[in-house]
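Asks: Under the numbering used here, the very last position in the sequence shown is 926; numbers go up by exactly one each time. Just so you know, even glycine gets a beta-carbon here, dropped at the ideal spot from N, CA and C. I have a structure I would like to understand better, so I am pasting it below and will then ask my questions one at a time.
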Amino acid sequence: MAHRPNRHSLFLVHLKFLKWLERARPLSNGGRTSPHPHDVNICCFFVFQQISKEYGNVFSLQYFWKKMVVVNGYEAVKEALISRSEDTADRPRLPIFEKAGYTGETKGIVIANYGNSWRDHRRFTLMTLRNFGMGKKSLEERVTDEAQCLCDAFVSKEGRPFNPHYLVNNAISNVICSIAFGDRFDYDDQKFQQLLHLFDAALKGESGLLAQILNEIPILTNIPWLIDQVIEPERKIIAFLKEIISEHKKTWNPDDVRDFIDAYLLEMEKVKEDGKSTFNEANLIQTTNDLFGAGTETTTTTIRWALMFMILYPDIQSKVQEEIDQSLEERESQQWEMC
């Protein structure tokens, strides 16, 4: 049987490669080779702050065989991201996503290259989300209803210790589901739970050390058992979304647009004669995936941090509760101004 290298041997190879980089020629502007990528991932802002004290707010580092430019400080960041936004708007090549099937102009929005496809999909998505209630009372009602379901789920624990992560994730994801799929899921729905765990696994895998190594040394993505560790959850998410889209196609009615998927299918129908259009099923899958990635994990994490701080600082929790009670003024639910 052929010897199959494990993670430990790969790690040693990786360290050897970094040692080779340390002997590389320093950059012309005085930059230095980067620390170990895992260290950068954990405390990069500390590392970059220290380096900026010696080399200024804009400097470069050698990261594997790529030059990485680091921008520190409000004025420098404002110039890079606002004053000269088009110069810094593009995305780097990410080989792990190419192996998952996102290539060329079929990358949705989040990982798409800056260009016409990105502009068209961003514009379409924002317009469609507004049509389905973003910033309006109709979405507010969905959020209020889901918040009540979340509170009921908390109460059902009857004071027993529990991890709120997936319950909060259920609630946030259901708001996205109601827009993307036209329906919500019960918290104990096995299919729904499988999807949420896949999103969680995909996020961890695609942001981990192994993913960083594969993106920087693309030839390693040709090792099936290695790349599978990173993108297998993503492949399963794609399969799940394909199934949902297939079900939508069976009942699709252009005169009755029920959700985001229906709206996208209608747009595909409108531009099907346009040979240059990038509205296709591959982009529908990735754009729908983006809605969950951008709208679920960020909000879930924010709420979890808020819960943790309320637990750690009960005096602040009491003040927050008091303000909420005063605001409600004996009304059953508070109407929020959506932004």
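How is the beta strand (DSSP E) around F646 delimited, first residue to last?
Replies: Numbered from 1 along the sequence shown, position 59 holds the residue referred to as residue 646. 645-650 is the span of the beta strand (DSSP E), which, as asked, contains F646.
Asks: Return yes when the Cβ of R671 is within less than 8 Å of the Cβ of V755, no when it is not.
Replies: The residue given as residue 755 occupies position 168 in the sequence shown. The residue given as residue 671 occupies position 84 in the sequence shown. For V755 and R671, no; Cβs fall outside 8 Å.
Asks: Work out the CA separation of S639 and E685 for me, nearest whole Å.
Replies: Mapped onto the sequence shown, residue 685 falls at position 98. Mapped onto the sequence shown, residue 639 falls at position 52. Taking the straight line joining both Cα atoms gives about 34 Å.
Asks: Judging by CA-CA distance, which residue of F711, F633, D849, L801 is the nearest neighbour of R680?
Replies: The sequence position of residue 680 within the sequence shown is 93, counting from 1. R680 has its Cα closest to that of L801, out of F711, F633, D849, L801.
Asks: Where does the unbroken alpha helix (DSSP H) through K744 begin, and where does it stop?
Replies: Taking the first residue of the sequence shown as position 1, residue 744 is located at position 157. From DSSP, K744 is part of no alpha helix (DSSP H); its letter is neither H nor E.
Asks: Considering only DSSP beta bridges, list what K654 is partnered with.
Replies: Counted from its first residue, the sequence shown places residue 654 at position 67. In DSSP, K654 forms a bridge with Q649.
Asks: Leaving out the 5 sequence neighbours to the left and right, which residues in its chain are closer than 7 Å to M588 when beta-carbon positions are compared?
Replies: As a position in the sequence shown, residue 588 is number 1, starting the count at 1. With a pLDDT of 46 at M588, under the threshold of 50, the modelled position of that residue is not reliable, and the figure given next carries that caveat. Correct list: empty, nothing qualifies.
Asks: Check for me: the alpha helix (DSSP H) holding L899 runs from which residue to which?
Replies: By one-based count along the sequence shown, residue 899 stands at place 312. Taken as a continuous stretch (DSSP letters only), the alpha helix (DSSP H) holding L899 covers 884-899.
Asks: Take the Cβ of P613 as the centre, count every other Cβ of all protein chains shown within 10 Å, and call the residue buried at 16 or more, exposed below.
Replies: Residue 613 sits at position 26 when you count from the first residue of the sequence shown. Model confidence at P613 stands at a pLDDT of 38, short of 50, so the residue's coordinates are unreliable; what they give is reported in the following sentence. Exposed.
Asks: Would D846 pass as a contact of G792 if the rule is Cβ separation under 8 Å?
Replies: As a working note, residue 846 is residue 259 in the sequence shown. As a working note, residue 792 is residue 205 in the sequence shown. No, the pair does not count as a contact, with Cβ atoms beyond the cut-off.
Asks: Would you kindly work out how many angstroms separate the C-alpha atoms of I825 and L782, rounded to a whole number?
Replies: In the sequence shown, the residue the question calls residue 825 occupies position 238. In the sequence shown, the residue the question calls residue 782 occupies position 195. Rounded to the nearest angstrom, the two C-alpha atoms are 10 Å apart.
Asks: I'd like the span of the alpha helix (DSSP H) that includes D773, first residue to last.
Replies: Along the sequence shown, read from residue 1 onward, the residue named residue 773 stands at position 186. First-last for D773: undefined, no H or E at that position.
Asks: Can you tell me whether DSSP reads L681 as helix, strand or coil?
Replies: For the purposes of this step, residue 681 is identified with residue 94 of the sequence shown, where counting begins at 1. Of the three classes helix, strand and coil, the one that applies to L681 here is coil, per DSSP.
Asks: Mapping DSSP to helix, strand and coil, what is T675?
Replies: As a working mapping, residue 675 is identified with position 88 in the sequence shown. Of the three classes helix, strand and coil, the one that applies to T675 here is helix, per DSSP.
Asks: Between the beta-carbon of C736 and the beta-carbon of A767, is there less than 8 Å?
Replies: Position 149 of the sequence shown, counted from the start, is the residue given in the question as residue 736. Position 180 of the sequence shown, counted from the start, is the residue given in the question as residue 767. Cβ distance not < 8 Å, so C736 and A767 don't count as in contact.
Asks: Let me make sure I understand the geometry here. Which of I669, Q780, N644 has the alpha-carbon closest to that of G660?
Replies: Residue numbering aside, residue 660 sits at position 73 when the sequence shown is read from its first letter. When only C-alpha atoms are compared, the closest one is N644.
Asks: Classify K665: buried if its beta carbon has 16 or more other beta carbons within 10 angstroms, exposed otherwise.
Replies: Taking the sequence shown and counting its residues from 1, one reaches residue 665 at position 78. With fewer than 16 other Cβ atoms within 10 Å, it is exposed.
Asks: Tell me the rounded alpha-carbon separation between A676 and L713.
Replies: Residue 676 sits at position 89 when you count from the first residue of the sequence shown. Residue 713 sits at position 126 when you count from the first residue of the sequence shown. If you take the alpha carbons of A676 and L713, they lie about 18 Å apart.
Asks: Give a yes or no on whether the C-beta atoms belonging to V762 and E727 are separated by under 8 Å.
Replies: One-based indexing of the sequence shown puts residue 762 at position 175. One-based indexing of the sequence shown puts residue 727 at position 140. Cβ atoms of V762 and E727: not closer than 8 Å.
Asks: So the alpha helix (DSSP H) E916 belongs to, where does it begin and stop?
Replies: In the sequence shown, counting from the first residue as 1, residue 916 sits at position 329. From DSSP, E916 is part of no alpha helix (DSSP H); its letter is neither H nor E.
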